[in-house]
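In the working numbering, the protein residues as written are 25 to 641.
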């Protein structure tokens, strides 16, 4: 190969100024997306209406729909800019990042993934969800394609130091805004319970109704506009490595700012009460430390300084919250959840519902409930039998039924003309319709369920990772049907065995649950677009990590604490942290665009360093 000297290379590859403008546009688009929030009311598909809470078929969204629209528009703008610079070039550039030979693995992996996304969509039975995604994640085909467009934008426009400086500057500004908004939620109340933010969230005619909006589900947890504290924590996992690595590597006075910001993100992660993201940040601290300390042991002092600063700010936060924040830290580290007391419950092991009979199987006793569908159902007319088939004596107070028998003392039943509630001591009672055809289950929005119990009994794995084990074990039979292509984007809940009263009660304390997510990005991809598409992404991620590891000393910039190396290490740790967190979190439009952007930037740096080495050696 003919080597090119630096002067010749620079003359042929002067980067036009418009490329930096494009870098600014892309960075702004990706970093504004997490804050996009506005009221959207839209009609669900017929399938969606059976699972998701709605009113006359309409679903109310604040935090996902417009993020999906926004990131799709960003992808369209990127495509138009890319076409424009090739059709009307400011000057001919000898080397494009996307044209290098080292990109063939990226093209094969991303191309294969996109083809399988398209094929899965075309063969899917749920085209509405395929286009728009589920209402609880909004990752339809256009959003999935947009992720890959953002990946290639990162590769194409961030393979130079100036663009990397633009990225890091924007990241710092984003982090300052992120921490500031998070502190408001942590020390005051959720942003969207504050008038000024409610006014931004909906048109004027809906603002009065919004004044009553409360964050009941995630009380005391930082969420911002990320839809769920876990996804908020996922963003912290992506942000932290850049700030922490900058603190360890930077020798200017800016390092003190990076120190405060990195500690701030760690505090925010704790405030989300999301266990997996917090442990991922801890792992990132170790990974970043290894990368930096390999090069210079002097950075060990900075690691110690980081922990001292963290302890100091932790003390301040504990003082401001009167000790609440320390309890939050303990709850997050230990993943403290709902405590179960078996003495207060009739532990349900199995449920059989057949016509006018319901059989509840407990740990050591059964309860059989029988009703005559030809008679008006009242507390007095329903028969209750024990394990041996003996009729039980009842304690009746109005519509409520209890039992004298100590074996069933924790059971309370409310029987109305067409409705029956069975309280076994869990968080919520079991709900049944009483019809002329016998008992029926009650689903979302009052849907009549013909089946609510399953043959298999609960297992110990169900409660793993806050109930994720239940979801993972139940979806396994579907995976073998998704080898070549998947069921289609946004279809997970339609193939999951819903309305398992027994499993839901023992895992979540309530049967009033719809499992709409895999709570594992890899299972999510497998079900939606197939195993082969998942393997395409696996190969891509392995290629990225392998190429980062095999970078030789001569491939690296002269100044190892320069912007290129700082962003490379930060993005590598960020990608690794995200991939670990993905074992218990889904991909979602609130945070995934940032991940794909960071991934593209890391690939751009790998290619840039390899090209530099080939040209100058």
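Just so you know, even glycine gets a beta-carbon here, dropped at the ideal spot from N, CA and C.
Contact between the region 514-532 and the region 544-564 is present: 3 or more CB-CB pairs across the two stretches fall below 8 Å. Contact annotation: residue 544 and residue 607 have beta-carbon atoms nearer than 9 Å. Look at residue 351 here: in three-state DSSP terms it is helix. When the alpha-carbon of residue 593 is set against those of 354, 263, 69, 230, the nearest one is in 263.
With contacts defined as CB atoms closer than 9 Å, residue 333 and residue 289 fail to qualify as a contacting pair. Residue environment analysis places residue 626 among the buried positions, since at least 16 neighbouring C-beta atoms fall within 10 angstroms of its C-beta. Secondary structure within the region 64-124: the beta strand (DSSP E) runs of 3 or more consecutive residues, fully enclosed, are 64-67, 82-85 (chain order). The region 446-503 contains, as complete beta strand (DSSP E) runs of 3+ residues, the segments 454-459, 462-466 (chain order). Residue 147: not part of any beta strand (DSSP E); DSSP gives it neither H nor E.
Three or more Cβ pairs drawn from the region 57-76 and the region 84-94 lie within less than 8 Å of each other, which places the two stretches in contact. Residue environment analysis places residue 430 among the exposed positions, since fewer than 16 neighbouring C-beta atoms fall within 10 angstroms of its C-beta. When only Cα atoms are considered, residue 296 and residue 484 end up about 27 Å apart. For residue 374, the enclosing beta strand (DSSP E) stretches over residues 374-378. Per DSSP, reduced to three states, the secondary structure at residue 589 is helical.
Nearest neighbour of residue 416 by Cα position, chosen from 391, 440, 438, 423, turns out to be 391. In terms of Cα proximity to residue 604, the closest of 235, 619, 412 is 619. In this structure residue 312 is buried. Its beta-carbon is surrounded by 16 or more other beta-carbon atoms within 10 angstroms.
Taken through DSSP and simplified to helix, strand or coil, residue 533 comes out as coil. Contact between the region 68-82 and the region 203-211 is absent: fewer than three C-beta pairs spanning the two stretches fall below 8 Å. Going by C-alpha positions, residue 587 is about 7 Å away from residue 188. Three or more Cβ pairs closer than 8 Å define a contact, and the region 401-411 meets that threshold against the region 434-448. Around the C-beta of residue 55, 16 or more other C-beta atoms lie within 10 Å, and the residue is accordingly described as buried.
Looking at the DSSP output, residue 274 shares a beta bridge with no other residue.
Residue 338 and residue 238 have their C-alpha atoms roughly 28 Å apart.
If you ignore the 5 residues before and after residue 50, its C-beta comes within less than 7 Å of the C-beta of 102, 177, 181, all in its own chain and listed in chain order.
If you draw a straight line from the Cα of residue 165 to the Cα of residue 350, it is about 43 Å long.
Note that the C-beta distance between residue 167 and residue 372 is not below 9 Å. Secondary structure at residue 174: helix, using DSSP grouped into helix, strand and coil. Excluding the 5 residues flanking it on each side, residue 212 has no same chain C-beta neighbour closer than 6 Å.
Rounded to the nearest whole angstrom, the CA to CA distance from residue 564 to residue 134 is 8 Å. Here residue 393 is bridged, per DSSP, to 382, 408. Burial check for residue 599: the Cβ neighbour count within 10 Å reaches 16 or more, so the residue is buried.
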